[in-house]
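To keep things clear, I will list the structure first and then write my remarks on it.
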Amino acid sequence: MSLASGPTKAVGAQSNLNLRVERHVDYIKKLDSRRDELEYWLTEHLRLNGVYWGLTALHLLGRPETLPREETINFVLSCQRENGGFGAAPGHDAHMLYTVSAVQILVMLDAVDELEKRGLGGKEKVGNFIAQLQDKETGAFMGDEWGERDTRFLYGAFNALSLLGLLDTVDVPKAVSYVQSCENLDGGYGIQPGAESHAGQVFTCVGALTIAGRLDLVNRDRLGGWLSERQVDNGGLNGRPEKLPDACYSWWVGASLAMIDRLHWIDGGKLAAFILRCQDPEAGGIGDRPGSMVDVFHTHFAIAGLSLLKFDGVQEVDPVYCLPRTITMKCLSR
Amino acid sequence: MAAHGIPRYTRLGERTEEARQQELLKIEKYQKLDQSVRDSIAEHQYTPETLQKITELLTSNPEYYTVWNYRRQVLRSEFSRAASADSDEAIAGQIATLIKNDLLFLIPLLRSFPKCYWIWNYRTWLLDEAKRLLPVSMARKFWQEELALVGKMLSLDSRNFHGWGYRLFVVETLRALKSEEQGEKGITWTEFEYAKKMIGANLSNFSAWHYRTKLIQRLLTENSASDEERRKMLDDELDLIHRALCDPYDQSLWFYHQNLMCTFDPSVAGQTLAPNLSDSERLDYLRQEIEEIQDMLDGAEDCKYIYQALIDCTVLSWKVEGREPSGEPKTKVLGWLSELKKLDPLRQQRWLDFEQSLCR
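Protein sequences appear in the order of chains Z and Y. Just so you know, the first sequence maps onto residues 1 to 334 in UniProt numbering. Just so you know, the second sequence maps onto residues 1 to 360 in UniProt numbering.
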């Protein structure tokens, strides 16, 4: 491994801060040992997402073996429900958000076949749970049987189904026209038709279009302009005009720019320096802004952002799937 | 787990044993409540006691989405119990009371957790149930009150993403539930006034400008506006944005300006408020626009947005004319571009890419 313990240098010249790899690995490793803290139990509804965030961050930091593989697979499978979908934790209801995390984790651990061996009805059953959440009229996807619609779910469905090789089980053209109906004159996309452009939603829509092979529908220069304007003077990125920067937008904005080949339109060195300032240099983990409380969500997306910037010592991330590139290349070439 | 903007504190050493014990007690209490709710639902005990326990659990953890689903199950069961009342009127009355009480329960939660997706989802579901189960006039009343509530939320946090999305959704539903007296036009017009008020309160509120873009188009369509009326609206909007741009450093205003400029772009004009302008009209507008923006430079020579807009308008006029960049306009663009490169170092590569495309 190239980064073992030596100091890592930021790209660009502005920063003399290091990426605290060891601290972050420790921070993630210890997340599951905090069962004597109330917060651990109050965040159970994010557990499966949390495993995905932590595991991906560890992969990108070059420490894929840190979490015990068998235990992780067992936990994922214990979250599956009779309908094939996954909940956030054992006994929690199935929902698109956790089902996508489950698929991503299994892909990362090269364990999709465990669905066949030990899961309920193999990968087809999981695919079926996702596919039946598509609204046949509009092409949009719901999060669960209660019917909330959001472009996040459409992207999630495309992400998981394509990783499972089951994208042909849904109406892709209809979903694509739904995404188009969320486009605004500024080139960005909103959470639903008519809604204001938002960098998170831009990521999901551009990601879905990339998976569908329809990037030709994106106005790259217009959208690239809007996205590059997300960078503010301190180097960080915000999600909408006139909002505060946040380390997680390093991912939503950065990955969108990467997908449309415009990542060089922002100052990568300054962004990397901003991300590094969001670290807790002592206890590990990364927060939304310098001096903020850290959490595994921001830790993961900030590290993924550094990866987009080809930061020294961080493994390459796939901007479409937010998984290590080596893994998606292997999975999608099957 | 996903904290936003919460200051980091350092825990000074380990918790005292006493503090640890206290936290363990809290955990035990929470888990007991959680288990008891799950047991009741597994046994299909859709009773007021179960609802009470669910309320307690959600109050301590509103992100617990599965428990919101449990709450839906209990409410559905109460709705069907109400359906066995004597008269239609009594049925509607009982269901309305159930919905009303539940909507009230959500208010303090929304106030404390305005960014929690699950509370908003649940609220939407409740209101949809009102639409599904109640006579239109009663349902409409719920949705109308909702519009007032979302107005209050947005006055507290005028950029709240959920708030604006929710407003859109409430208005859509009110349109579907419209009464004879108050047609569609009414609500689009009052929403237009609302967006105006929000812009007036804070010119930087891009959410409100975005809403305005959408409402104008809707208003014009609803009124079957002629091309002449559409032009009039366009002129008024240009006038408004020029006046607002006396502060040219505000990004939100320039994005609204960019929206308006799309009217002159043949490839997207179809999605704008004045789709049928002729090419020569478009060129006239663009020429006026360039003059207007050039005047803004006076005293704001360091404002990058002005150069950006000048370049955009000039490039657009080439597109309308269908000609390649050349001569004096090209020299001007290159001049503005060199200012831009100085003023906007963060996006240096973007401007270099553009320069290259010009000089190809």
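Even glycine gets a Cβ: it sits at the ideal position worked out from N, Cα and C. Keep in mind that this is a model prediction, so the values were computed, not measured.
Within chain Z, partners of residue i - CB distance below 9 Å
i	result
ARG27 (chain Y)	The displayed chain sequence assigns Ile, not Arg, to residue 27 (chain Y). Per Cβ cutoff of 9 Å: ARG35, ASP36, GLU37, LEU38, TYR40 and TRP41.
GLU289 (chain Y)	Within 9 Å Cβ-Cβ: nothing; GLU289 (chain Y) doesn't reach chain Z, min ~16 Å.
HIS44 (chain Y)	Neighbours of HIS44 (chain Y) on chain Z: none; closest Cβ ~16 Å, over 9 Å.
GLU228 (chain Y)	The premise fails here: GLU228 (chain Y) is roughly 23 Å from chain Z at the closest Cβ pair, so nothing lies under 9 Å.
THR55 (chain Y)	Under the 9 Å cutoff, chain Z gives no residues; its nearest Cβ is about 16 Å from THR55 (chain Y).
Candidates the options: closest to residue i by CA position
i	options	result
PHE113 (chain Y)	Y:SER80, Y:GLU222, Y:ASP157 and Y:LEU75	Y:ASP157
GLU146 (chain Y)	Y:ILE99, Y:ARG159 and Y:LEU133	Y:ILE99
GLY187 (chain Z)	Z:PHE203, Z:GLU65, Z:GLY285 and Z:ASP110	Z:PHE203
TRP251 (chain Z)	Z:ASN234, Z:VAL218 and Z:VAL317	Z:VAL317
LYS304 (chain Y)	Y:ALA244, Y:LEU340 and Y:GLN349	Y:LEU340
GLU242 (chain Z)	Y:PHE206, Y:TRP120, Y:SER87 and Y:VAL150	Y:PHE206
LYS174 (chain Z)	Z:ASP32, Z:GLY139, Z:GLU183 and Z:ASP150	Z:GLY139
ARG20 (chain Z)	Z:MET329, Z:ALA258 and Z:LEU276	Z:LEU276
CYS205 (chain Z)	Z:ARG325, Z:MET259 and Z:LEU115	Z:MET259
ASP135 (chain Z)	Z:GLU82, Z:ASP150 and Z:TRP53	Z:ASP150
ALA225 (chain Y)	Y:ASN276, Y:ALA208, Y:ILE187 and Y:SER87	Y:ASN276
TRP125 (chain Y)	Y:ARG111, Y:PRO108, Y:TYR166 and Y:LYS152	Y:TYR166
ALA212 (chain Z)	Z:GLY91, Z:LEU55, Z:ASP93 and Z:TYR321	Z:TYR321
LYS330 (chain Y)	Y:PRO345, Y:ILE311 and Y:LEU346	Y:ILE311
ALA195 (chain Z)	Y:ASP284, Y:VAL170, Y:ILE91 and Y:ARG360	Y:VAL170
ARG81 (chain Z)	Z:ASN128, Z:LEU55 and Z:GLY62	Z:ASN128
residue 365 (chain Y)	Y:HIS257, Y:ASP247, Y:PRO325 and Y:ILE41	The requested residue 365 (chain Y) does not occur in the structure, where chain Y is confined to residues 1 to 360.
LEU297 (chain Y)	Y:HIS242, Y:SER326 and Y:PRO266	Y:HIS242
LEU61 (chain Z)	Z:MET329, Z:ARG334, Z:GLN315 and Z:THR328	Z:GLN315
SER252 (chain Y)	Y:LYS178, Y:ARG159, Y:GLU193 and Y:GLU291	Y:ARG159
LEU110 (chain Y)	Y:ALA269, Y:VAL150 and Y:LEU174	Y:VAL150
Limits of the unbroken alpha helix (DSSP H) element including residue i
i	result
PRO329 (chain Y)	327-343
ASN101 (chain Y)	88-112
SER228 (chain Z)	220-228
MET293 (chain Z)	Note, MET293 (chain Z): premise wrong, no alpha helix (DSSP H); not H, not E.
GLY254 (chain Z)	249-259
GLY236 (chain Z)	No alpha helix (DSSP H) holds GLY236 (chain Z); DSSP gives it neither H nor E.
ASP235 (chain Y)	227-244
TRP68 (chain Y)	65-82
ASN202 (chain Y)	Looking at the DSSP string, ASN202 (chain Y) is not in any alpha helix (DSSP H), and its letter there is neither H nor E.
HIS59 (chain Z)	47-60
GLY207 (chain Z)	199-211
ASN74 (chain Z)	69-78
THR99 (chain Z)	96-108
ILE28 (chain Z)	21-30
ASP113 (chain Z)	113-117
GLU44 (chain Z)	First-last for GLU44 (chain Z): undefined, no H or E at that position.
Residue i - partner residues in DSSP beta bridges
i	result
ASP318 (chain Z)	Z:LEU323
LEU279 (chain Z)	The residue you asked about is not Leu; residue 279 (chain Z) is Gln in the sequence shown. Answer by DSSP bridge pairing, in chain order: Z:ILE286.
TYR189 (chain Z)	Z:GLU183
MET142 (chain Z)	Z:ARG149
GLN134 (chain Z)	Z:PHE141
PRO7 (chain Y)	Z:SER292
PHE86 (chain Z)	Z:GLN80
GLN356 (chain Y)	GLN356 (chain Y) is not bridged to any residue.
GLN348 (chain Y)	Looking at the DSSP assignment, GLN348 (chain Y) forms no beta bridge with any residue, so it has no partner.
GLN231 (chain Z)	Z:LEU237
Chain-ordered chain Y contacts of residue i [CB-CB under 7 Å]
i	result
GLN180 (chain Z)	By Cβ distance, chain Y contributes nothing, its closest Cβ being about 11 Å from GLN180 (chain Z), past 7 Å.
ILE191 (chain Z)	GLY165
GLU148 (chain Z)	ASN121
ARG240 (chain Z)	PHE206
Residues that residue i contacts on chain Z, provided the C-beta gap is smaller than 8 Å
i	result
VAL315 (chain Y)	Those within 8 Å of VAL315 (chain Y) in chain Z number zero; the least Cβ separation is about 10 Å.
LYS214 (chain Y)	GLY194
ARG132 (chain Y)	Result: empty, since nearest Cβ-Cβ is about 12 Å, beyond 8 Å.
Near the ligand GDP: residue i beta-carbon under 8 Å from a heavy atom
i	result
SER181 (chain Z)	In the structure shown, the ligand GDP is absent, as is every other ligand, since no ligand is present at all.
Where residue i meets chain Z, residues with beta-carbon distance less than 7 Å
i	result
ILE6 (chain Y)	SER292 and MET293
CYS262 (chain Y)	LEU185
VAL268 (chain Y)	LEU185
Neighbour list for residue i in chain Y, Cβ cutoff strictly below 9 Å
i	result
ARG325 (chain Z)	The contacting residues do not exist; ARG325 (chain Z) stays about 23 Å from chain Y at best.
ASP267 (chain Z)	PRO345, LEU346, ARG347, GLN348 and GLN349
Start-end ranges of the alpha helix (DSSP H) lying completely within the segment 28-66 of chain Y, minimum 4 residues: 48-60
Contiguous alpha helix (DSSP H) assignments of at least 4 residues, all confined to the segment 248-325 of chain Y: 251-261, 279-296 and 304-321
In the segment 111-185 of chain Y, which residue ranges form an unbroken alpha helix (DSSP H) of at least 4 residues, counting only runs that do not cross its ends? 117-133, 136-156 and 161-176
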